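Just below is one structure, and these are the notes that go with it.
Protein chains in written order, with our numbering: chain B, 1 to 410; chain A, 1 to 410.
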């Protein structure tokens, strides 16, 4: 057996815990005697074809721990989606550096890159171990209970809506918060965990798993506003009409697409502004405010789930263990022990790359309320343990009202 | 002396610590023997004319502590700006309930309400002690070192930019974050405290204290982008042209005004979207993203400065002490002991209401860099102690680059 020469890269959108997985691989590799070197590629696969490598063997353990606790991809990332030609270039560089292990931390696009790469390496009889380490705030990898990065982003969304609900209760009106998630509504649904009291918002939740009909939306808002005297609404950026066309892209003057052919949904406030305008003009409600959570929800420094941190570290460590103990490529998957419950534990499995590669998980029907505008208790039991310890909690005054004396105001 | 009958209300935009001040008054009043009752008005002055009072004497100390740690106004708030007629109605209700102390927690509009009210009470020989308790995330009260609520919002903005900078470093491009603050740029300037390394963003900061010229903005962005290969920009919602017209209102199809005659700047993403479009089209940069921090920055649950919490509690407690020990109306002001420094302590003074009422503090020239697009060290020394303990910190990999072997990529 040749000495192990390891390369690690990070792809796609950053998360709050993606560097935990990086540290997980690097630190675990230090305990393996036949590991010759550990490199990191700058900016994902782009850094491989550019031969832009860092020698991670020269990092101190202390600094790796500090970087692990720092959000966003420490190696840099990329939106490049390699085709076969790109993958051949990657392999040439890996061969030149005699790298025989490649760990790619990313979402389903990154796992698909590994799938193509592993097939090409096999064709060339190049002994390359390809291990995918999951991360995505969208939580849209199939065959995973959840993906690292999602719990921390979900915690941000829950805390944001808990606060926005209190703000909206103090100065009543309609509040629309637009949350990331192109096809999967998990992150938007996390807004429900910001609720505590029965009349807390979000009062309505719109997910990409259900067709968005503007007339129904306006009727829902009107009804909630009449009932609560206010209305807090969580909307996924990926809501779409019956044809599948995103509502956001119906509005955009120019449609921007990324290298994966996806329409750019984040990075502007157009969807929130449109929905607010509709509510103002059609329902004649004056105080209507919209926020687009944008990049804050995936990169805010200082809102992280300790469960997410621990698991992101573990998937990195497990990736290295699988690479050494299993003689095959694959993707590390998080599996929950038992049903959705307040009792929580996970285990890790190595699945074949093509199980997750290029596939998209969306919210299962059991997690979405029959109304289509709320989540179920199953979802609450699913998400609650992931949010980690120390979730802030809100309380209300419980004073009785004072009897009126004049009773003429109004 | 009549027994003291106390009324407390909260006005204007909520903050993360406004309930600390409420608890500060209520709990301190419990130690005063001649306090007969403590009421809270629902929804600010609106609750007074509606006789919508809660008997805060029936709150437990434990629940008051929990509410103190909950963001947003627990009594509810209002944007009502009472005129003389409204103030006369208020006085009639106060007289009916024999209330002789009114504590109003709010910004400069709320202090102006108290000023009008105190003059009218004096005219009617109605013995009403009026004490203003400061709060505003805008930090725009004159004669105060800073105002409760601002430090926690500033902490949110600093943490948000620290994370957005890391996100932008991983996937380079231009990022525009729009921050609240109509006339005063303190909160936008807080973005500078998110920086750590010399090349960290925000690379440019636009404040309402300086005239915004689009051509200069584009030239600044171009230069920063060439230098850093990316650009993170903090923009105040209140930026305006040489005539004083907000850039945001130049764009809005319909201009919404609040009851104080102010144009509504928050609650939509129009300003960020406009600036992003200008950068994309004029500078030909593809990846340009804009976020409007919106209501998250003042109500996010779980981002608070412990210094802010402590001081917000103290201004409430001091308000009660001043009401008892000083025979006059006034506003509680926070004064720093000594110059801006890493050594930090404050003291509280009771100032006349007309010192702060209706006046607006903006950033002093010494806090703004000569370039007009950055802050000074004086500002950093001003703000740093306010952010509180446990600020998250970001770290970078320090690995050396690996020598290239093929050196053909690009």
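Backbone N, C-alpha and C fix where the C-beta goes; we use that ideal spot for every residue, glycine too. All of these numbers come straight from a predicted model, not from anything done at the bench.
Beta-carbon proximity of residue i to residue j, cut-off 8 Å
i: residue 167 of chain B; j: residue 212 of chain B; result: no
i: residue 205 of chain B; j: residue 373 of chain B; result: yes
i: residue 76 of chain B; j: residue 43 of chain B; result: yes
i: residue 193 of chain A; j: residue 383 of chain A; result: yes
i: residue 187 of chain A; j: residue 305 of chain A; result: no
i: residue 234 of chain B; j: residue 191 of chain B; result: yes
i: residue 64 of chain B; j: residue 94 of chain B; result: no
i: residue 207 of chain B; j: residue 185 of chain B; result: yes
i: residue 169 of chain B; j: residue 152 of chain A; result: no
i: residue 297 of chain B; j: residue 156 of chain B; result: yes
i: residue 231 of chain B; j: residue 307 of chain B; result: no
i: residue 395 of chain B; j: residue 70 of chain A; result: yes
i: residue 219 of chain A; j: residue 203 of chain A; result: no
i: residue 319 of chain A; j: residue 17 of chain A; result: no
i: residue 335 of chain A; j: residue 349 of chain A; result: yes
i: residue 397 of chain A; j: residue 317 of chain B; result: no
i: residue 292 of chain B; j: residue 292 of chain A; result: yes
i: residue 176 of chain A; j: residue 290 of chain A; result: yes
i: residue 345 of chain A; j: residue 53 of chain B; result: no
Alpha carbon of residue i to alpha carbon of residue j, nearest angstrom
i: residue 377 of chain A; j: residue 367 of chain A; result: 8 Å
i: residue 385 of chain B; j: residue 68 of chain A; result: 26 Å
i: residue 414 of chain B; j: residue 182 of chain B; result: Outside the displayed span of chain B (1 to 410) sits residue 414 of chain B, for which this structure offers no information.
i: residue 351 of chain A; j: residue 150 of chain A; result: 20 Å
i: residue 355 of chain B; j: residue 143 of chain B; result: 8 Å
i: residue 321 of chain A; j: residue 131 of chain A; result: 11 Å
i: residue 30 of chain A; j: residue 146 of chain A; result: 28 Å
i: residue 410 of chain A; j: residue 129 of chain B; result: Unreliable positioning characterises residue 410 of chain A in this predicted model, as indicated by a pLDDT of 47, which lies under 50. The coordinate reading is nonetheless provided below. So the two alpha carbons sit approximately 25 Å from each other.
i: residue 51 of chain B; j: residue 357 of chain B; result: 25 Å
i: residue 403 of chain A; j: residue 55 of chain B; result: 10 Å
i: residue 330 of chain A; j: residue 104 of chain A; result: 11 Å
i: residue 399 of chain A; j: residue 37 of chain B; result: 13 Å
i: residue 2 of chain A; j: residue 303 of chain B; result: 50 Å
i: residue 371 of chain A; j: residue 222 of chain A; result: 15 Å
i: residue 195 of chain A; j: residue 57 of chain A; result: 46 Å
i: residue 117 of chain B; j: residue 90 of chain B; result: 8 Å
i: residue 178 of chain A; j: residue 249 of chain A; result: 14 Å
i: residue 364 of chain B; j: residue 9 of chain B; result: 31 Å
i: residue 392 of chain B; j: residue 301 of chain A; result: 7 Å
i: residue 46 of chain A; j: residue 389 of chain B; result: 39 Å
i: residue 324 of chain B; j: residue 216 of chain A; result: 57 Å
i: residue 61 of chain A; j: residue 271 of chain A; result: 44 Å
i: residue 311 of chain A; j: residue 299 of chain A; result: 18 Å
i: residue 237 of chain B; j: residue 140 of chain B; result: 15 Å
i: residue 85 of chain B; j: residue 247 of chain B; result: 35 Å
i: residue 19 of chain B; j: residue 74 of chain B; result: 6 Å
DSSP bridge partner residues for residue i (one or two, in chain order)
i: residue 331 of chain A; result: A/132, A/351
i: residue 15 of chain A; result: Answer is none; residue 15 of chain A lacks a bridge partner.
i: residue 401 of chain A; result: B/54
i: residue 231 of chain A; result: A/174
i: residue 7 of chain B; result: B/39, B/102
i: residue 204 of chain A; result: A/233
i: residue 240 of chain A; result: A/246
i: residue 291 of chain B; result: B/177
i: residue 336 of chain A; result: A/346
Beta-carbon separation (whole angstroms), residue i vs residue j, contact threshold 8 Å
i: residue 148 of chain B; j: residue 315 of chain B; result: 6 Å
i: residue 21 of chain A; j: residue 313 of chain A; result: 7 Å
i: residue 375 of chain B; j: residue 158 of chain B; result: With 8 Å as the limit, residue 375 of chain B and residue 158 of chain B do not qualify as a contact, their Cβ atoms being about 12 Å apart.
i: residue 35 of chain A; j: residue 6 of chain A; result: 6 Å
i: residue 268 of chain B; j: residue 269 of chain A; result: 6 Å
i: residue 41 of chain B; j: residue 406 of chain A; result: Wrong, their Cβ atoms sit about 14 Å apart, outside the cutoff.
Take every Cβ of the region 134-141 of chain B, pair it with every Cβ of the region 10-18 of chain B, and state whether three or more of those distances are shorter than 8 Å. yes
Kindly confirm or deny that the region 272-287 of chain A and the region 148-163 of chain A touch, where touching means at least three C-beta pairs closer than 8 Å. no
Using 8 Å as the threshold, is the region 105-116 of chain B in touch with the region 79-87 of chain B, meaning 3 or more CB pairs across them? yes
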